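A short write-up of the structure that comes next.
In our numbering, the protein residues as written are 2 to 227.
Quick look at the structure:
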């Protein structure tokens with residue numbers, strides 16, 4: 002039976018009087034019920050961490066293939082509200098909704114050999130034609146929301162049309178390429194960190210260098226994913 006692995010996920014590292022480290026080294030899910038791996042993150046876990054780290058500087062490390070769009074946006078907003086300076090480090094991959102979380106800091110660093118991926122939101126649903134049209138409208142609304150975040154963090158001169166096309170194409174960027182579109186800083190190359198994610202099977206253009214064996218298929222809460 003699945004149990005609440007909140008304490009396993011939030012094994013706080015380097016918490017002291019002035020700073021704390023937060024790791025996104027798994028998929029983003031909506032609740033502890035969907036957190037099959039110790040590395041999976043969900044909003045309640047992040048809220049509890051931020052409550053404990055109130056007022057401290059944050060070092061946020063990301064190596065995630067994404068997951069639930071609503072959970073990811075909730076996490077983004079919580080981190081944005083945190084009263085303390087926030088530095089984000091993409092250790093290997095910030096894909097899908099993890100690419101949004103990567104923009105929640107005051108500074109974001111992406112090594113030249115790391116990846117940043119954006120794409121259109123998607124969902125898994127069944128129903129009749131009316132149901133599907135309704136869900137398509139919801140997806141358009143979700144896309145509008147994430148577009149706002151991307152454009153708030155875009156380089157001067159980058160247009161809505163450019164980002165929308167990148168979403169449509171499922172665009173994979175190196176750290177160097179990401180810095181041409183978004184307000185992120187390129188850091189020195191680091192040793193690649195493997196990222197195990199159930200999201201890879203949903204992507205169309207995953208670089209072979211990123212794919213690693215993962216556990217058997219499991220039902221995570223990805224009805225609306227990004």
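Beta carbons are placed, not taken as given, at the ideal position from N, Cα and C, and that holds for glycine. As the structure is a prediction and not an experimental result, all values here were calculated from the model.
- Taking a C-beta distance under 8 angstroms as the contact criterion, residue 63 and residue 25 qualify as a contact pair.
- Along the region 163-194, the alpha helix (DSSP H) occurs as fully enclosed runs of 4 or more residues at 176-179, listed in sequence order.
- The beta carbon of residue 83 sits closer than 7 angstroms to those of 51 and 59, all from its chain and outside the five residues before and after it, given in chain order.
- Cβ contact annotation for residue 47 (same chain, cutoff 7 angstroms, sequence separation greater than five): 76 and 79, in chain order.
- The distance from the Cβ of residue 68 to that of residue 98 is about 6 angstroms, consistent with a contact at the 8 angstroms cut-off.
- When secondary structure is reduced to three states using DSSP, residue 79 falls in the helix class.
- In this structure, residue 174 sits away from residue 120, with a CB-CB distance that is not shorter than 8 angstroms.
- Its chain contains 124 and 126 as the residues whose beta carbon lies nearer than 7 angstroms to that of residue 136, once the 5 sequence neighbours on both sides are disregarded; these appear in chain order.
- For residue 118, the secondary structure class from DSSP, reduced to helix, strand or coil, is strand.
- Secondary structure of residue 24 (DSSP, three-state): strand.
- Taking the Cα of residue 170 as reference, the smallest distance to any Cα among 162, 115 and 154 is reached at 162.
- Listed in chain order, the non-local C-beta contacts of residue 110 below 6 angstroms within the same chain comprise 90, 186 and 188, local neighbours out to five positions each way being set aside.
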